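Counting the sequence shown from 1 gives a position; this note's numbering is that position plus 446.
One structure is given here, and the rest of the page talks about it.
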Amino acid sequence: MVIQDPAVPSSDPAATGRVESPEADAYRAALDVIGAVEPDVASHIRGELGNQRSQLKLIASENYASPAVLLAMGNWFSDKYAEGVPGHRFYAGCEFVDKVETLAADHAKALFGAGHAYVQPHSGIDANLVAFWAMLAHRVEAPYLVDHGVRHVNDLSDADWEELRRSLGNQRMIGMALDAGGHLTHGFRPNISGKLFDQRSYGVDRETEMLDYDRVAALAREFKPLVMVAGYSAYPRKVNFATMREIADEVGATLMVDMAHFAGLVAGKVFTGDFDPVANAHIVTSTTHKSLRGPRGGIVLTNETELVEFIDKGCPMVLGGPLSNVMAAKAVAFAEARKPEFQDYAARVAENAAALADGIGRRGGRIVTGGTDNHLVLVDVRPFGLTGRQAESALEAAGVIVNRNSIPDDENGAWYTSGVRLGTPALTTVGMGTGEMDEVADIICGVLTATEPTTTSSGDPSKAKFHLTDDVRDGNRARAAELLAANPLYPTLGAL
Ligand code: DSN
447 MVIQDPAVPS
457 SDPAATGRVE
467 SPEADAYRAA
477 LDVIGAVEPD
487 VASHIRGELG
497 NQRSQLKLIA
507 SENYASPAVL
517 LAMGNWFSDK
527 YAEGVPGHRF
537 YAGCEFVDKV
547 ETLAADHAKA
557 LFGAGHAYVQ
567 PHSGIDANLV
577 AFWAMLAHRV
587 EAPYLVDHGV
597 RHVNDLSDAD
607 WEELRRSLGN
617 QRMIGMALDA
627 GGHLTHGFRP
637 NISGKLFDQR
647 SYGVDRETEM
657 LDYDRVAALA
667 REFKPLVMVA
677 GYSAYPRKVN
687 FATMREIADE
697 VGATLMVDMA
707 HFAGLVAGKV
717 FTGDFDPVAN
727 AHIVTSTTHK
737 SLRGPRGGIV
747 LTNETELVEF
757 IDKGCPMVLG
767 GPLSNVMAAK
777 AVAFAEARKP
787 EFQDYAARVA
797 ENAAALADGI
807 GRRGGRIVTG
817 GTDNHLVLVD
827 VRPFGLTGRQ
837 AESALEAAGV
847 IVNRNSIPDD
857 ENGAWYTSGV
867 RLGTPALTTV
877 GMGTGEMDEV
887 ADIICGVLTA
897 TEPTTTSSGD
907 PSKAKFHLTD
917 DVRDGNRARA
927 AELLAANPLY
937 PTLGAL
């Protein structure tokens, strides 16, 4: 799938003029139909496209799905209930839902080399919940039922059920610390996973800011978790999942990898061998809309046949009825990702991230870990005298969309933070390369250098307020706009 059609000249006026194409016709017609009922919604849809076309999107967890993926979501599959799995539903009339779900799962299995794919999760947190319950059911509930000579939880006495419930809620997990780049759903207290599991986290080495496998092993040996979670949302390096599996096997833990952020790099064969989560973990979860460039949603993969029956109980165990329209879009996205062009795309995502890190580093920014192996770059903004919050807001004013992010041992906490996280999946999708990344680095460093922190109304240093001159803001906004004009988003849609 190519959104930026190389046949379209880079200065093509597609982003502003009327374009004749099947997808432009489809969207013009769709917006007419929507607008006839609620004009404001059609107007907001157009507004969102306008915004997305006018900002440099560097949110590491976002991307631009193809028109085919987006269109696959807008249809009558949305109207169908289909709890259960293909061939085993709680509702009649699922002939075509079964076909589309099976197709999506088959594409996912082939794409990732997985024995089993469950494509119903609505999001990453849902995929993780399915995986958590599958592991708990496999490791705790099923053996308890066998021990008590029953087949179903409803056959347990009230006292036994209470004991099993306590046991389900008393299991241990380890995961990557939040300020090292881990994710809230990996056992942290504000999330359901932290209320469900007794969690300890592993961090990164203070000097190198890299994952320290010896420390992970030491924690695992001491804490003896049932579940070991690997994966991250803000760690800019690859992880050796073969080593993580060795650690998990040594302590009897089930290894779950959440590859939500880097699934596109796995699909695109940037991460192979020891770095391929699907080949090394017991169970792998992902979103489908980040580097994988599909619709918003989740998946669960496994090569462990013993886990399959428990994963397939995700709905109605923790999920509402599957979104068949989104499963259709997942099938389209996975088909796109199976094409050779996607491997080229994934390689360019990583090259662009390396170029962006290098460009910022050369201009005085401090890159956490000193570089990147994946799609994201974590920048420590303290050398600019800023918090992450100030940097995020100043960059937004200049047309650069990033998100603030904690860095290891962050002195500014999770709200203000000391870093910004940058990702290259979206800008790579519109066709930008390493030359453009150097320009983006120059824009970012220009804005951050010119941004001055200011004070609160009581005169204390503010962690949120800042001053940026109109000249710097507007000058960099114009440079961002130039890059976007040369690399337009959805050129085959034109103005809608
Ligand atoms: N929201 C996603 C991210 O930005 O990393 C995951 O929670």
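Don't be surprised by glycine CBs; every beta carbon is placed ideally from N, CA and C.
Since the structure is predicted, the reported quantities are computational estimates derived from the model, not experimental observations.
(1) According to DSSP, which residues form a beta bridge with A563?
(2) Taking V918 and G892 to be in contact with their CB atoms under 8 Å, please state how far apart those CB atoms are, rounded to whole angstroms.
(3) Taking the beta carbon of P682 as the centre, do at least 16 other beta carbons fall within 10 Å, making it buried, or is it exposed?
(4) Less than 7 Å between the CB of A706 and some heavy atom of the ligand DSN, yes or no?
(5) With respect to 7 Å, is the separation between the Cβ of G493 and the closest non-hydrogen atom of the ligand DSN below this value?
(6) Under 7 Å from any heavy atom of the ligand DSN, does the C-beta of H629 make it?
(7) So what's F643 in DSSP terms, helix, strand or just coil?
(8) Is it the case that the CB of S737 approaches a heavy atom of the ligand DSN more closely than 7 Å?
(9) Across the region 639-653 and the region 619-630, are there enough close Cβ pairs to call them in contact, namely three or more that are closer than 8 Å?
(10) Output the distance between the C-alpha atoms of E529 and F542, rounded to the nearest integer angstrom.
(11) Which whole-angstrom value describes the C-beta separation of P532 and I745, a residue pair presumed to lie in contact below a C-beta threshold of 8 Å?
(12) How about S943: is its Cβ closer than 7 Å to a heavy atom in the ligand DSN?
(13) Around the ligand DSN, which residues pass a check of Cβ closer than 5 Å to any of its heavy atoms?
(14) With DSSP as the reference, label H584 as helix, strand or coil.
(15) Could you check the C-alpha separation between P459 and A924 for me, to the nearest Å?
(16) Have a look at N408 and L504 and give me their C-alpha separation to the nearest angstrom.
(17) Could you give the DSSP three-state label for T733: helix, strand or coil?
(18) Out of curiosity, what's the CA-to-CA distance linking L477 and V483?
(19) Assign Y862 to one of three DSSP states: helix, strand, or coil.
(20) Under 8 Å between the Cβ atoms of T689 and L672?
(21) Between S864 and the rest of its own chain, which residues show a CB-CB distance below 8 Å, the 5 nearest in sequence each way excluded?
(22) Once you ignore the five residues that flank F912 on each side, which residues in its own chain have a CB closer than 8 Å to its CB?
(23) What three-state label does DSSP hand E838 in the structure shown?
(24) Can you check which of these residues, M705, A550, G905, L642, is closest to F578 by C-alpha distance?
(25) Which stretch, first to last residue, makes up the beta strand (DSSP E) that contains V673?
(26) Mapping the DSSP letters down to three states, classify A460 as helix, strand or coil.
(27) Report the option in L575, H562, W861 whose CA atom is closest to the CA atom of A725.
(28) Helix, strand or coil for E892, going by three-state DSSP, please let me know.
(29) What are the boundary residues of the alpha helix (DSSP H) that includes K911?
(30) Would you mind sorting P937 into buried or exposed? The rule is 16 or more other CB atoms within 10 Å of its CB.
(31) What are the boundary residues of the beta strand (DSSP E) that includes V703?
(32) Hey, is the region 867-883 in contact with the region 499-513, meaning 3+ C-beta pairs nearer than 8 Å?
(33) Which partner residues does P468 have in the DSSP bridge list?
(34) Based on the DSSP output, what are the partners of P899 in its beta bridges?
(35) Hey, V866 and N849 are a contact pair by Cβ (cut 8 Å); roughly how many whole angstroms apart?
(36) What did DSSP end up calling G533 once you bin it into helix, strand or coil?
Quick look at the numbers:
(1) In the sequence shown, counting from the first residue as 1, residue 563 sits at position 117. A563 pairs with L747.
(2) Translated into the one-based positions of the sequence shown, residue 918 becomes position 472. Translated into the one-based positions of the sequence shown, residue 892 becomes position 446. Indeed, because the Cβ distance is near 7 Å, the residues count as touching under 8 Å.
(3) For this step, residue 682 is matched to residue 236 along the sequence shown. It is buried - the Cβ of P682 has at least 16 other Cβ atoms within 10 Å.
(4) Here residue 706 refers to the residue found at position 260 when the sequence shown is read from its first residue. A706 Cβ: within cutoff of the ligand DSN.
(5) Counting from 1 along the sequence shown, the entry for residue 493 is found at position 47. Annotation for G493 indicates a beta carbon at 7 Å or more from all heavy atoms of the ligand DSN.
(6) Indexing the sequence shown from 1 puts residue 629 at position 183. Shortest gap from the CB of H629 to any heavy atom of the ligand DSN: under 7 Å.
(7) Start at 1 with the first residue of the sequence shown, and residue 643 comes out as number 197. Look at F643 here: in three-state DSSP terms it is strand.
(8) Taking the sequence shown and counting its residues from 1, one reaches residue 737 at position 291. It does not: the Cβ of S737 is nowhere closer than 7 Å to a heavy atom of the ligand DSN.
(9) By the Cβ test, the region 639-653 is in contact with the region 619-630, since at least three Cβ pairs between them sit closer than 8 Å.
(10) Sequence index remark: in the sequence shown, residue 529 carries index 83 (1-based). Sequence index remark: in the sequence shown, residue 542 carries index 96 (1-based). Each residue's alpha carbon lies about 14 Å from the other.
(11) On the sequence shown, position 86 is the one that residue 532 refers to. On the sequence shown, position 299 is the one that residue 745 refers to. About 15 Å; that fails the 8 Å criterion.
(12) Residue 943 cannot be examined here, being either before or after the span of the chain that is shown, 447 to 942.
(13) Those satisfying the condition are, in chain order, S507, S679.
(14) Here residue 584 is taken as the residue at index 138 of the sequence shown, counted from 1. In the structure shown, H584 adopts helical secondary structure according to DSSP, grouped into three states.
(15) For the purposes of this step, residue 459 is taken as the residue at position 13 of the sequence shown. For the purposes of this step, residue 924 is taken as the residue at position 478 of the sequence shown. The predicted position of P459 is uncertain, since its pLDDT is 41 and thus under 50; no value can be drawn from it.
(16) No answer is possible for residue 408: it lies beyond the span of the chain, which begins at 447 and ends at 942.
(17) For the purposes of this step, residue 733 is taken as the residue at position 287 of the sequence shown. Three-state result, T733: strand.
(18) The sequence position of residue 477 within the sequence shown is 31, counting from 1. The sequence position of residue 483 within the sequence shown is 37, counting from 1. Cα-Cα distance, rounded: 10 Å.
(19) Position 416 of the sequence shown, counted from the start, is the residue given in the question as residue 862. Helix at Y862.
(20) Translated into positions along the sequence shown, residue 689 becomes position 243. Translated into positions along the sequence shown, residue 672 becomes position 226. Not a contact, by the Cβ cut-off of 8 Å.
(21) In the sequence shown, counting from the first residue as 1, residue 864 sits at position 418. Within the same chain, and ignoring the five residues on either side of S864 in sequence, the residues whose Cβ sits closer than 8 Å to its Cβ are D826, V827, R828, T833, G834, S852, I853, D856, E857, N858.
(22) On the sequence shown, residue 912 is found 466 positions in, with the first residue counted as 1. Taken in chain order, the residues that qualify are L832, Q836, S839, A840, T897, E898, P899, T900.
(23) Position 392 of the sequence shown, counted from the start, is the residue given in the question as residue 838. Of the three classes helix, strand and coil, the one that applies to E838 here is helix, per DSSP.
(24) Reading the sequence shown from its first residue, position 132 is the one you call residue 578. Selection M705, A550, G905, L642 evaluated against F578 yields L642 as nearest (Cα-Cα).
(25) Position 227 of the sequence shown, counted from the start, is the residue given in the question as residue 673. Here the beta strand (DSSP E) through V673 covers 673-677.
(26) Translated into positions along the sequence shown, residue 460 becomes position 14. Note that A460 scores a pLDDT of 47, beneath 50, so its modelled location is shaky and nothing firm can be said.
(27) The residue labelled residue 725 in the question sits at position 279 within the sequence shown. With distances taken between CA atoms, A725 lies nearest to H562 out of L575, H562, W861.
(28) In the sequence shown, residue 892 corresponds to position 446, counting from 1. Position check: residue 892 holds Gly in this sequence, whereas Glu was assumed. In the three-state reduction of the DSSP assignment, G892 falls in the helix class, which pools H, G and I.
(29) Numbered from 1 along the sequence shown, position 465 holds the residue referred to as residue 911. It is not in any alpha helix (DSSP H) - K911 instead sits in the beta strand (DSSP E) that spans 907-913.
(30) Numbered from 1 along the sequence shown, position 491 holds the residue referred to as residue 937. It counts as buried.
(31) Counting from one through the sequence shown, the residue named residue 703 turns up at place 257. For V703, the enclosing beta strand (DSSP E) covers residues 700-704.
(32) Counting Cβ pairs under 8 Å, three or more are found: they touch.
(33) For the purposes of this step, residue 468 is identified with residue 22 of the sequence shown, where counting begins at 1. According to DSSP, which records beta bridges pairwise, P468 is partnered with nothing at all.
(34) Counted from its first residue, the sequence shown places residue 899 at position 453. The partner list for P899 (beta bridge, DSSP) reads F912.
(35) If you number the sequence shown from 1, residue 866 lands on position 420. If you number the sequence shown from 1, residue 849 lands on position 403. Contact flag correct, Cβ pair sits at about 7 Å.
(36) Residue numbering aside, residue 533 sits at position 87 when the sequence shown is read from its first letter. In the three-state DSSP reduction, G533 falls in the coil class, being neither helix nor strand.
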